[in-house]
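*Asks:*
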Amino acid sequence: MKEVYIASDNIITSLGFNTVGNIENMLSGTTGIRYWEDGRLSPEPFWASLVDTEELTGRFSAFNNPEKFTRFEQLAICSIEDALSATDIDIAGDRTLFILATTKGNISLLGDGQSTFFKQEQVYLWHTARLLQQYFNFSQKPYVVSNACISGVLAIAVGARMIRSGYYDHVVVTGVDMVTEFVLSGFNSFRSLESGPCKPFDRDRQGLSLGEGAGTIILTGSPLSAGGIRTGYGFSSNDANHISGPSRTGEGLYIAIRNTLEKNGLLLDYISAHGTATPYNDEMESVAITRAGLQEVPVNSFKGFWGHTLGAAGVVESVAATYSLAKNLLIKTQGFETPGITNPIHVIGANVEKEMRTCLKIASGFGGCNAALLFYK
Amino acid sequence: MMVDPFVISDYCIIRQNRVVKNGNTLHESDETTVAGFLTAIYRHFGINYPKFHKMDNLCKLGFLAAEVLLNHSNLKERYHGDKVGLILANAASSIDTDRNHQLSISNRLDYFPSPSVFVYTLANIVIGEICIRHAFLGESTFFIEKSFDPGRMHHYVYQLLEEEAIQCCITGWVELDSDRYEAVLYLVQKSDIHPDGIAIFEPAKMNEIYLQRT
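The structure is reproduced here in structure tokens:
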């Protein structure tokens, strides 16, 4: 079977503009989730992880004029540029595919009626993907995966399939989402936001923290230009239960995990959970993990560091998880102190070294969707 | 003789005030609004599913196309729920409900964001609604494209079928943007389970069905 390698990656969040910068902050126990009073984003104060605008535009200026690109586009371009700078893969050919994972893209343009510079057409996700395609001269028409909070994980699984099928040699997968008034007001109306940095799997967790960010993973079928981490098969599954609430039995996530483990046939050393820190999500994940017989496998959530980055989450968290896998170093679950889930899974409470060969990334989202994806050395 | 492994067993098209299944017009309406037309379809086919009335128009459109597509298909007797996939695409994502949600937050003195609206600001909710209705638990993905591209859709669905992630797939295009709407769904099955499909599962056939006059 054709193997799929990770050639290069990037993470941009409040904790940094590249992968190593983010990891170093996480290892030192720094959270990027802060208290904000910003009337443009919310009538009420809120807690969230926001990318520093001054630094973003500063960095973007090295590539192009920040006034001509939306914040979303700047995040995507900075992320792709950084990932490309660390690989010698030639993306110009017709054997390279670009996949954008996002839930809401340039959605803030909808509320920007006064704006004369940006066209309303830019709110469409296909438009955003085409703009990025043209910017980087990808010769093939890009794909957009917009599948709620599993978009990022799903996009990597789709990209790996495209290489395995022989249609493409390289796939650039980029996940981006922003903290906007649109999203903040929506999650607020659901009363699912924590009043402080979120606490995944903790007894006192009350909700999620929103975050924004961008992540890129460059997949390749060519082992010569790659590091040591490979992307295995990934699967999704729907709960067929409720459009906004997780299944009590963890049915969809359990099926996604089961199918992924069966197809890959490898033992698991580590699980990077979705871990949004809402009472129901974390409980559901612990049920699914236990049903799959994985309760002894170390599990963490990165969301206490950079919040829930929605469609980008699957990409930025996969990058962080594969970093852990490469360095044999597990990162603690920021915000987790006292176990607070019915099924006693093994939540990682402190940074620890561990020899690892495999890692499972899981995610769940609105619409009852769930996904699992294996990475291995 | 080589047998093609997958067939299009049925298709359903909803556009221009008509509902067409496998080439036959099943319903025509002179309703002047999208919402009115969708309700008329629901009534015409005698569907009884109270959750329908809570859905946004995009979900109603996809739900109704799936109802018509799957009528008499006996999928439950042929496949486990986790072997039925839903791979859909459109151009506008959930833009209609996005605009509604945006309206609810555009005025600070009249600020009324609602969870029952916000949950529909994701295109893949239509997949969730169809899965809930039919207990489908299989592989699902929502793609966004400027226009329907049967070749690319076929390529991904074929891979899923070939690696046996799924054995049956509902795939196609469910688009709604203000007063413009179009649903074209295909039911793809394994030819050894369903040998009498109406067409081979291939991009040219998908395109021919999509481009037919309705």
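In order, the protein sequences belong to chains A and B. Our numbering numbers the first residue of the first sequence as 59 and each following residue consecutively. Our numbering numbers the first residue of the second sequence as 2 and each following residue consecutively. Note that beta-carbon positions come from the ideal geometry of N, C-alpha and C, so glycine has one too.
1. Measuring only between beta-carbons, confirm whether G217 of chain A sits less than 8 Å from chain B.
2. Excluding five sequence neighbours on each side, which residues of the same chain lie with their C-beta closer than 7 Å to the C-beta of F38 of chain B?
3. If you drop the 5 nearest sequence neighbours on each side, which residues of the same chain put their C-beta closer than 7 Å to that of G286 of chain A?
4. What is the rounded straight-line gap between the Cα of C207 of chain A and the Cα of S197 of chain A?
5. Short of 8 Å in beta carbon distance, which residues of its chain neighbour F424 of chain A, apart from the five on each side in sequence? Order them along the chain.
6. Tell me which residues share the same chain as L368 of chain A and place their Cβ nearer than 6 Å to its Cβ, disregarding the 5 neighbours each side in the sequence.
7. Nearest-angstrom Cα distance between M2 of chain B and C13 of chain B?
8. Starting from A124 of chain B, find everything on chain A with Cβ-Cβ shorter than 7 Å and list it in chain order.
9. Hey, V394 of chain A and P258 of chain A: beta-carbon distance below 8 Å or not?
10. Taking the straight line between their C-alpha atoms, what separation do you get for K60 of chain A and L432 of chain A?
11. Would you say A166 of chain B lies against chain A (beta-carbon separation less than 8 Å)?
12. Short of 7 Å Cβ to Cβ, which residues in the stretch 158 to 181 of chain A face chain B?
13. In the DSSP output, which residue or residues are listed as bridge partners for H185 of chain A?
14. Hey, how far is the Cα of D327 of chain A from the Cα of I347 of chain A?
15. Looking at the strands, I want to know which residues DSSP matches up with V85 of chain B.
16. Under the three-state reduction of DSSP, which class applies to E239 of chain A: helix, strand or coil?
17. With DSSP run on the structure shown, which of helix, strand or coil describes K191 of chain B?
18. Tell me the residue span of the beta strand (DSSP E) that contains T145 of chain A.
19. Between the alpha carbons of T172 of chain B and G129 of chain B, how many angstroms are there, rounded?
20. Quick one, which residues of the stretch 129 to 148 of chain B are near chain A if we go by CB-CB under 8 Å, in chain order?
21. Which runs of the alpha helix (DSSP H), 4 residues or longer, sit entirely within the stretch 99 to 178 of chain B?
22. Does the beta carbon of Y81 of chain B sit closer than 8 Å to a beta carbon anywhere in chain A?
23. How about S135 of chain A and H228 of chain A: do their beta carbons lie closer than 8 Å?
24. Could you please give the first and the last residue of the uninterrupted beta strand (DSSP E) stretch that includes E29 of chain B?
25. DSSP beta-bridge partners for T89 of chain A?
26. Using DSSP's beta-bridge definition, name the partner residues of P356 of chain A.
27. Starting from the beta carbon of Q103 of chain B, find every residue of chain A whose beta carbon is closer than 7 Å, and list them in chain order.
28. Just to confirm before moving on: does the CB-CB distance between E140 of chain B and S294 of chain A stay below 8 Å?
29. Looking only at C-alpha atoms, which of B:H54, B:M154, B:E146 and B:N23 sits nearest to S95 of chain B?
30. Could you give the C-beta distance for L161 of chain B and L71 of chain B, rounded to a whole number, given that I count them as a contact under 8 Å?
31. Using CA coordinates, which residue listed in A:F175, A:E239 and A:S137 is at the minimum distance from E102 of chain A?
32. Look at the alpha carbon of L65 of chain B and the alpha carbon of M154 of chain B, and state the distance between them as a whole number of angstroms.
33. F104 of chain A by DSSP, collapsed to three states: which one?
34. Near L177 of chain B, which residues of its chain fall below 6 Å by C-beta distance, leaving aside the five closest residues on each side in sequence?
35. Counting pairs of Cβ atoms below 8 Å between the stretch 266 to 278 of chain A and the stretch 62 to 75 of chain A, do you hit three or more?
36. Does the beta carbon of A436 of chain A sit closer than 8 Å to a beta carbon anywhere in chain B?
*Replies:* By the coordinates alone:
1. Chain B, which has no Cβ nearer than 8 Å to the Cβ of G217 of chain A, makes this no.
2. N18, S30 and E32
3. A384 and K435
4. 28 Å
5. So the qualifying residues of the chain are A206, C207, I301 and S302.
6. T161, C207 and D235
7. Residue confidence for M2 of chain B is low, a pLDDT of 46 falling below 50, so the modelled location carries little weight; the figure read from the coordinates is stated next. Spanning the two alpha carbons is a distance of roughly 30 Å.
8. S204
9. The sequence given here has Phe at residue 394 of chain A, not Val. In contact: F394 of chain A and P258 of chain A (Cβ atoms closer than 8 Å).
10. 15 Å
11. yes
12. Answer set for the stretch 158 to 181 of chain A: T161, I165, L168 and G169.
13. According to DSSP, which records beta bridges pairwise, H185 of chain A is partnered with nothing at all.
14. 13 Å
15. B:C169
16. The answer is helix: DSSP assigns E239 of chain A an H, G or I state.
17. strand
18. Per DSSP, T145 of chain A belongs to no beta strand (DSSP E) and is neither H nor E.
19. If you take the alpha carbons of T172 of chain B and G129 of chain B, they lie about 14 Å apart.
20. G129, E130, C132, I133, H135, A136, F137, L138, G139, E140, S141, T142, F143, F144, I145, E146 and K147
21. Taking 4 residues as the minimum length, the alpha helix (DSSP H) runs contained wholly in the stretch 99 to 178 of chain B are 116 to 119, 126 to 135 and 151 to 163, in order along the chain.
22. Note that residue 81 of chain B is His in the sequence shown, not Tyr. For H81 of chain B, the answer is no, since every Cβ of chain A falls outside 8 Å of its Cβ.
23. It is Ile, not Ser, that sits at residue 135 of chain A in the sequence shown. Result no, Cβ atoms of I135 of chain A and H228 of chain A do not sit closer than 8 Å.
24. Its beta strand (DSSP E) spans residues N25 to E29.
25. Per DSSP, none; premise fails for T89 of chain A.
26. A:H404
27. L168, G169 and F240
28. yes
29. B:E146
30. Actually they are not in contact, since the Cβ atoms of L161 of chain B and L71 of chain B sit about 19 Å apart, beyond 8 Å.
31. A:E239
32. 21 Å
33. strand
34. N58, L59, L62 and D97
35. yes
36. Given that chain A is displayed from residue 59 to residue 435, the structure contains no residue 436 of chain A and the question cannot be resolved.
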